[in-house]
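For reference, the structure is listed below as structure tokens.
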Amino acid sequence: MLTAVPRSKAAEIDWPALPDTTAASVLALQFQLDRTQYWPPDRLRDMQFVQLHRLVAHCYRAMPFYRERLRVAGMRSNTTLTPELWARLPVLTRREVQAVGARLHCSPIPAGHGAVAEEATSGSTGTAVKIRITQLSQFFWHGFVLRDVLWHDLDMSAKFAIIRNDYDGASPPPAGRALPDWGASFSAAFSTGPAALLDLRQSNTAQQVDWLLREQPAYLMTYPSNLELLAQRCLENGIAMPFLRAARPFGESVTDELRALLDAAWHVPVLDGYSAVEVGMIALQCPDHPHFHVQSEGLLLEVLREDGSACGAREVGRVVVTPLHNFAQPLLRYELGDYAECGGACTCGRTLPVLTRVLGKTIDRFVLPSGEKRFQKLAFNQLARSPAIVQMQMVQTSRSRMELRLVLRRPLTEAEEEQLRAALTEALGYPFEIAIVAVDEIAREPSGKFFAFRSEVS
Numbered sequence: 009m010l011t012a013v014p015r016s017k018a019a020e021i022d023w024p025a026l027p028d029t030t031a032a033s034v035l036a037l038q039f040q041l042d043r044t045q046y047w048p049p050d051r052l053r054d055m056q057f058v059q060l061h062r063l064v065a066h067c068y069r070a071m072p073f074y075r076e077r078l079r080v081a082g083m084r085s086n087t088t089l090t091p092e093l094w095a096r097l098p099v100l101t102r103r104e105v106q107a108v109g110a111r112l113h114c115s116p117i118p119a120g121h122g123a124v125a126e127e128a129t130s131g132s133t134g135t136a137v138k139i140r141i142t143q144l145s146q147f148f149w150h151g152f153v154l155r156d157v158l159w160h161d162l163d164m165s166a167k168f169a170i171i172r173n174d175y176d177g178a179s180p181p182p183a184g185r186a187l188p189d190w191g192a193s194f195s196a197a198f199s200t201g202p203a204a205l206l207d208l209r210q211s212n213t214a215q216q217v218d219w220l221l222r223e224q225p226a227y228l229m230t231y232p233s234n235l236e237l238l239a240q241r242c243l244e245n246g247i248a249m250p251f252l253r254a255a256r257p258f259g260e261s262v263t264d265e266l267r268a269l270l271d272a273a274w275h276v277p278v279l280d281g282y283s284a285v286e287v288g289m290i291a292l293q294c295p296d297h298p299h300f301h302v303q304s305e306g307l308l309l310e311v312l313r314e315d316g317s318a319c320g321a322r323e324v325g326r327v328v329v330t331p332l333h334n335f336a337q338p339l340l341r342y343e344l345g346d347y348a349e350c351g352g353a354c355t356c357g358r359t360l361p362v363l364t365r366v367l368g369k370t371i372d373r374f375v376l377p378s379g380e381k382r383f384q385k386l387a388f389n390q391l392a393r394s395p396a397i398v399q400m401q402m403v404q405t406s407r408s409r410m411e412l413r414l415v416l417r418r419p420l421t422e423a424e425e426e427q428l429r430a431a432l433t434e435a436l437g438y439p440f441e442i443a444i445v446a447v448d449e450i451a452r453e454p455s456g457k458f459f460a461f462r463s464e465v466s
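Numbering-wise (my numbering), the sequence shown opens with residue 9 and increments by one.
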């Protein structure tokens, strides 16, 4: 429900606000989202397929690549779509998107969709993807970001801090940059407090803690792996941050252990989300529970078993997404490379589908000598609580071998090494050869992401 007061365009009129045209569009979307989140599931699915029909007809008319795929699946531009018919369409993989390239670019763009920009994924799975996005699809992304803030009733007059790679400045200052507001998702319709941005590449954990103490933000957005390092440093050094009200992680998976760590260090909740450059905002954390609600007004999400059938509640499967509003580069049944667990109905009253967990990508799975693939469920932040360990990363180098890379304050004792091996063996459920390797640092991905586990084995 919209509780914040929008900004008014009329002089001397604060309330009720009279927004300008852009703000009116932002508020009109929120007005609809406030209602559709409680629609009966059948009605929500029906409207998804109404919009999907528009997208499919556009692809059939304008894109030879999709026209052939749609024909083979039994679909034409005027076909009435059903979930059963939709499931016949082959899944589109990241590698296929990369290989097909400009054949997925669509022109002309329907009227009113605005200019087209190009974005690129981080390539964390080894397959970077470039995507063309219209202004209209970006508008929906901003709308779901705003919905997230409204769901959790964040104070938009407070300061917001971000620690990530600073791509906007050619040479970002080491001390960070002051920003006038929270960004485009909010400033069109609302007055917000200031924001502050610190470049992750130019600051270590100690410098980031000092920066936060100077800036004193109410909300902090950064990678989960970075939140872990910051919270650990504060706990180890008795540093309090009473000004913090919530942490907003992005880009990596959030664990229950991280939630507990942030509660112990700062007494703040974690407000998680699930998004991808190619498809926009996928799911937002429920205001009443730690699980996620799929943003079904913006995309059609499927969670599939390995045989392609749909998963039920409490089942884990592949995430396949179709954005409903990007007509510049449509992605029909696009496989993100992520795995998620389906949930049941939510007691909060919202009927948007539930994801209990987002488990991560294919690289988060390890392979047994038999070829069986399993998701690792290691509580790395608990394993790393040894006073000797600063940071750790485990890499599967073969079907029988794991390499544990450690940044250390001092060498481990023989007993500590054996304890680590025993804990890892128990967590993995298989007696891998575990090599412990001391390193000076563990580099992040170029995007700024950090993966505590990686598999080099297919």
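C-beta: ideal position from N, C-alpha, C; glycine also.
**Asked** How big is the Cα-Cα spacing for G134 and A166?
**Response** Note that G134 scores 49 on pLDDT, short of 50, meaning its location in the model is unreliable and no value can be drawn from it.
**Prompt:** Which residues in the same chain as D22 place their Cβ atom closer than 7 Å to its Cβ, once the five residues preceding and following it in sequence are excluded?
**Reply:** S16
**Request:** Would you please state the rounded distance, in angstroms, between the beta carbons of G151 and Q38? I believe it to be under 8 Å.
**Result:** 7 Å
**Request:** Within the same chain, show all residues whose beta-carbon is closer than 7 Å to that of G351, passing over the 5 residues directly before and after it, in chain order.
**Result:** H299, A321, V362, L363, T364
**Item:** Among L41, R409, A19, nearest to V445 - alpha-carbon criterion
**Value:** R409
**Range of the contiguous alpha helix (DSSP H) that encloses R429** = 422 to 436
**Request:** Determine the burial state of L221: buried for a count of at least 16 other Cβ atoms within 10 Å of its Cβ, exposed for fewer.
**Result:** exposed
**Message:** Beta-carbon within less than 8 Å of L89's beta-carbon, same chain only, minus the 5 sequence neighbours each way: which residues are those?
**Reply:** F57, L60, H61, V64, M83
**Asked** What's the call for E76, buried or exposed, on a 16-neighbour Cβ count within 10 Å?
**Response** exposed
**Message:** Once the 5 residues before and after F334 are set aside, which same chain residues still bring their CB inside 7 Å of it?
**Reply:** According to the sequence displayed, residue 334 carries Asn and not Phe. Around N334: I141, T142, S145.
**Request:** Could you give the DSSP three-state label for C67: helix, strand or coil?
**Result:** helix
**Message:** If you reduce the DSSP assignment to three classes, tell me which class P48 lands in.
**Reply:** coil
**Asked** Going by alpha carbons, who is nearest to V465 out of T421, P419, R407?
**Response** R407
**Asked** For the segment 240 to 257 against the segment 315 to 332, are there 3 or more C-beta pairs whose distance is under 8 Å?
**Response** no
**Request:** Quick one: using the 10 Å Cβ neighbour count with 16 as the cut-off for buried, is G246 buried or exposed?
**Result:** exposed
**Prompt:** T101: which of Q427, Y438, G437, L339 sits nearest, CA to CA?
**Reply:** L339
**Prompt:** So L412 is in the beta strand (DSSP E); what residue range does that whole segment cover?
**Reply:** 409 to 416
**Message:** Quick check: W2 and G184, are their CB atoms within less than 8 Å of each other?
**Reply:** Shown here, the chain extends from 9 to 466; a query on residue 2 therefore has no answer.
**Asked** Do A239 and W274 have their C-beta atoms within less than 8 Å of each other?
**Response** In contact: A239 and W274 (Cβ atoms closer than 8 Å).
**Asked** In chain order, what residues of the same chain lie with their CB nearer than 8 Å to the CB of L97, ignoring the 5 residues before and after it?
**Response** R77, L78, A81, M83, L340, R341
**Asked** Using a Cβ-Cβ distance under 8 Å, would A119 count as near chain B?
**Response** No chain B is present in this structure, which holds just one protein chain.
**Prompt:** Beta-carbon separation of R358 and H301 under 8 Å?
**Reply:** yes
**Request:** Please report how far the alpha carbon of I170 lies from the alpha carbon of Y68, in whole angstroms.
**Result:** 42 Å
**Asked** Leaving out the 5 sequence neighbours to the left and right, which residues in its chain are closer than 8 Å to E441 when beta-carbon positions are compared?
**Response** S408, R409, M410
**Item:** As assigned by DSSP and simplified to three states, the class of V506
**Value:** As displayed, the chain neither begins before 9 nor continues past 466, which places residue 506 out of reach and without an answer.
**Message:** I'd like the list of long-range same chain contacts for P48, defined as Cβ closer than 8 Å, with 5 residues on each side in sequence excluded.
**Reply:** T359
**Request:** Would you list the residues sitting across from F168 in a DSSP beta bridge?
**Result:** A203, Y227
**Request:** Could you tell me how far apart the beta carbons of T129 and V285 are, in whole angstroms, since I believe they sit closer than 8 Å?
**Result:** Indeed they touch by this definition, with Cβ atoms about 5 Å apart.
**Asked** Looking at the structure shown, is Y175 part of a helix, part of a strand, or coil, going by DSSP?
**Response** coil
**Asked** Considering A284, what are the terminal residues of the beta strand (DSSP E) in which it resides?
**Response** 281 to 284
**Request:** Check the DSSP bridge columns for Y74 and list the partner residues they point to.
**Result:** Bridge partners of Y74: none, in fact.
**Asked** How would you write the range of the beta strand (DSSP E) that D346 sits in, first residue to last?
**Response** 342 to 350
**For F461, three-class secondary structure by DSSP** = strand
**Asked** For L292 versus R155, is the C-beta distance shorter than 8 Å?
**Response** yes
**Item:** Buried or exposed by the 16-neighbour rule on C-beta atoms within 10 Å, applied to D161
**Value:** exposed
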